[in-house]
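In mature numbering (1 follows the signal peptide of the UniProt record, and there is no 0), the protein residues as written are -17 to -1, 1 to 519.
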């Protein structure tokens, strides 16, 4: 009876009664893991590291009951899942109260009008350094054509840099005002050298969904003796371009097709850090089912440290305008390049000391979490939690200062955001709740004249983009999703120490067509404690 009531509630809440439901129960625990051959305390989901994949189809309703068996609060965020009209379920502290130790919370998501490859991860504190992440795949509905034949199999590949230190020790370093040391290694699906193992049959083609779930480094991915054809990027079918190796920046996800067209033996799968000295490398194994020969020789080398190679590859990844997306119409039918933008937001990162401690900032503001999730404060009209307009639309040139930064944005506006990187490291940014068109990127300073080189025809639409050192990246985004949405650095130490803010996409409308009501099961905390959510 309780389950039936929950289904009825969800159907009403998200308006998808005709779409299928998929139910998950997850238990989050600590457990021993050995990713680099040394015992560590990891975060497991149902005893697994990495956690279980979420398999779904466009518009599926996903009900995930998460039990927090840790000794501290916990949150899961859904990287790239747009949670249409429902930022309460985004799973970051600015919108959602953490799950207390020993308690549970049921996330209610809908894969509304989405396809593609994404991932989930723990967003609170520095839990991401301990695990708790896994892949998300959203398949097209059967009647929607996909621009390539069905693969023989479909593999999730999670790559990322890794520390041997416990996540609490890493967090203590940051809380003490210091920078993190260089990582200890790189993992493929939670394993170090030659730990990840994928079996293929000669002559068949496979889909690999590759996500960089690491903490601070871009990675290059390659397979010895094999080519990779990129077919999808974070929900967008792409022009099918073939590469011998692929740069996957922090927070990004790609789908590639790989054909087992070589002689039957085992081949190295390689992931290595980019733009670092030294270069960290790890390997997995692509095993032909009829192989009797183990991997041999040195693993294939990656691209050199020069930026131009990576920049040119990024520019070559474009939308397949003739392919359908989640709906039965070409992806190019939305002519973003013919719409005038109504606002330009320029965002610049910076690093420095505040009160003798390391901090990072966007437009000079280093984000400080409030005592109450911002979305709850907004809903309950609690004064003093945040101030709209506490971050400017453009770099100020001033020194770093602390604030709970929230930027106002109008619902249904079409805006330009320019990420300016005046630092010597590569950056990576994610905008929750949205996909955006990456219309341009180049070295040097952005000026209005830079718009002359924008791709206004087939720029890829995605939710995470890189910004190269001393360079800029420009995106167009249609603000069609009401809510409080996190714009953050995917460098997790920088995010933790302030390189993020919230975009409050606002409308005066109270219609459920514009924004869903606060979930009846929403947790309340901070200054919202004791307040009741309105019944549906």
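Virtual Cβ for every residue (Gly too), placed ideally from N, Cα, C.
What is the C-beta distance between residue i and residue j, in whole angstroms, given that I count them as a contact (C-beta under 8 angstroms)?
{"i": "residue 474", "j": "residue 233", "result": "6 angstroms"}
{"i": "residue 175", "j": "residue 168", "result": "6 angstroms"}
{"i": "residue 484", "j": "residue 375", "result": "The Cβ separation is near 11 angstroms, so there is no contact."}
{"i": "residue 159", "j": "residue 33", "result": "The Cβ separation is near 29 angstroms, so there is no contact."}
{"i": "residue 16", "j": "residue 114", "result": "7 angstroms"}
{"i": "residue 332", "j": "residue 345", "result": "6 angstroms"}
{"i": "residue 328", "j": "residue 398", "result": "6 angstroms"}
{"i": "residue 103", "j": "residue 60", "result": "7 angstroms"}
{"i": "residue 127", "j": "residue 3", "result": "Their Cβ separation, rounded to whole angstroms, is 15 angstroms, which puts residue 127 and residue 3 out of contact at 8 angstroms."}
I need the straight-line Cα distance from residue i to residue j, nearest angstrom please.
{"i": "residue 288", "j": "residue 200", "result": "13 angstroms"}
{"i": "residue 105", "j": "residue 403", "result": "28 angstroms"}
{"i": "residue 516", "j": "residue 505", "result": "7 angstroms"}
{"i": "residue 396", "j": "residue 414", "result": "16 angstroms"}
{"i": "residue 23", "j": "residue 477", "result": "24 angstroms"}
{"i": "residue 248", "j": "residue 285", "result": "21 angstroms"}
{"i": "residue 269", "j": "residue 178", "result": "11 angstroms"}
{"i": "residue 494", "j": "residue 465", "result": "11 angstroms"}
{"i": "residue 277", "j": "residue 462", "result": "51 angstroms"}
{"i": "residue 390", "j": "residue 46", "result": "31 angstroms"}
{"i": "residue -2", "j": "residue 57", "result": "Since pLDDT at residue -2 reaches only 41, below the 50 mark, its modelled position is unreliable, and no value is offered."}
{"i": "residue 215", "j": "residue 508", "result": "39 angstroms"}
{"i": "residue 95", "j": "residue 67", "result": "7 angstroms"}
{"i": "residue 5", "j": "residue 35", "result": "14 angstroms"}
{"i": "residue 257", "j": "residue 491", "result": "46 angstroms"}
{"i": "residue 381", "j": "residue 370", "result": "20 angstroms"}
{"i": "residue 19", "j": "residue 330", "result": "37 angstroms"}
{"i": "residue 444", "j": "residue 152", "result": "37 angstroms"}
{"i": "residue 26", "j": "residue 244", "result": "38 angstroms"}
{"i": "residue 520", "j": "residue 438", "result": "Nothing about residue 520 can be read from this structure; the chain reaches only from -17 to 519."}
{"i": "residue 44", "j": "residue 307", "result": "21 angstroms"}
{"i": "residue 446", "j": "residue 71", "result": "18 angstroms"}
{"i": "residue 207", "j": "residue 274", "result": "15 angstroms"}
{"i": "residue 171", "j": "residue 266", "result": "7 angstroms"}
{"i": "residue 514", "j": "residue 409", "result": "43 angstroms"}
{"i": "residue -14", "j": "residue 417", "result": "Residue placement at residue -14 is flagged as unreliable, the pLDDT there being 39, under the threshold of 50; the coordinate-derived value follows with that caveat. Rounded to whole angstroms, residue -14 to residue 417 spans 32 angstroms at the Cα level."}
{"i": "residue -4", "j": "residue 124", "result": "With a pLDDT of 44 at residue -4, under the threshold of 50, the modelled position of this residue cannot be trusted; read the value that follows with caution. For residue -4 and residue 124, the distance between alpha carbons rounds to 19 angstroms."}
{"i": "residue 150", "j": "residue 163", "result": "11 angstroms"}
{"i": "residue 181", "j": "residue 355", "result": "45 angstroms"}
{"i": "residue 479", "j": "residue 271", "result": "42 angstroms"}
{"i": "residue 451", "j": "residue 231", "result": "13 angstroms"}
{"i": "residue 510", "j": "residue 489", "result": "22 angstroms"}
Can you tell me whether DSSP reads residue i as helix, strand or coil?
{"i": "residue 364", "result": "coil"}
{"i": "residue 203", "result": "strand"}
{"i": "residue 2", "result": "coil"}
{"i": "residue 151", "result": "helix"}
{"i": "residue 353", "result": "coil"}
{"i": "residue 299", "result": "helix"}
{"i": "residue 319", "result": "helix"}
{"i": "residue 386", "result": "strand"}
{"i": "residue 136", "result": "coil"}
{"i": "residue 478", "result": "helix"}
{"i": "residue 196", "result": "coil"}
{"i": "residue 294", "result": "helix"}
{"i": "residue 395", "result": "coil"}
{"i": "residue 314", "result": "helix"}
{"i": "residue 510", "result": "helix"}
{"i": "residue 376", "result": "coil"}
{"i": "residue 304", "result": "coil"}
{"i": "residue 37", "result": "strand"}
{"i": "residue 163", "result": "coil"}
{"i": "residue 328", "result": "strand"}
So what does residue i bridge to, in DSSP terms?
{"i": "residue 336", "result": "341"}
{"i": "residue 7", "result": "47"}
{"i": "residue 484", "result": "470"}
{"i": "residue 243", "result": "Answer is none; residue 243 lacks a bridge partner."}
{"i": "residue 14", "result": "25"}
{"i": "residue 31", "result": "28"}
{"i": "residue 231", "result": "202"}
{"i": "residue 144", "result": "169"}
{"i": "residue 249", "result": "270"}
{"i": "residue 190", "result": "137, 240"}
{"i": "residue 216", "result": "219, 237"}
{"i": "residue 499", "result": "Its beta-bridge partners do not exist; DSSP assigns none."}
{"i": "residue 493", "result": "Answer is none; residue 493 lacks a bridge partner."}
Please confirm whether any heavy atom of the ligand NAD lies closer than 7 angstroms to the CB of residue i.
{"i": "residue 347", "result": "With respect to small molecules bound, the structure shown includes none, and the ligand NAD cannot be examined in it."}
Next item on the list: Report the residue ranges of all alpha helix (DSSP H) runs contained in full by the stretch 400 to 462; include only those spanning at least 4 residues, in chain order.
Entry: none
Notebook entry, point to check: Hey, which unbroken runs of the beta strand (DSSP E) at 3 residues or more fall wholly within the stretch 251 to 283?
Noted result: 264 to 271
Note to self: My parser needs the beta strand (DSSP E) runs of 3 or more residues fully inside the stretch 39 to 126; what are they?
What the structure shows: 44 to 51, 59 to 62, 87 to 93, 99 to 105, 117 to 122
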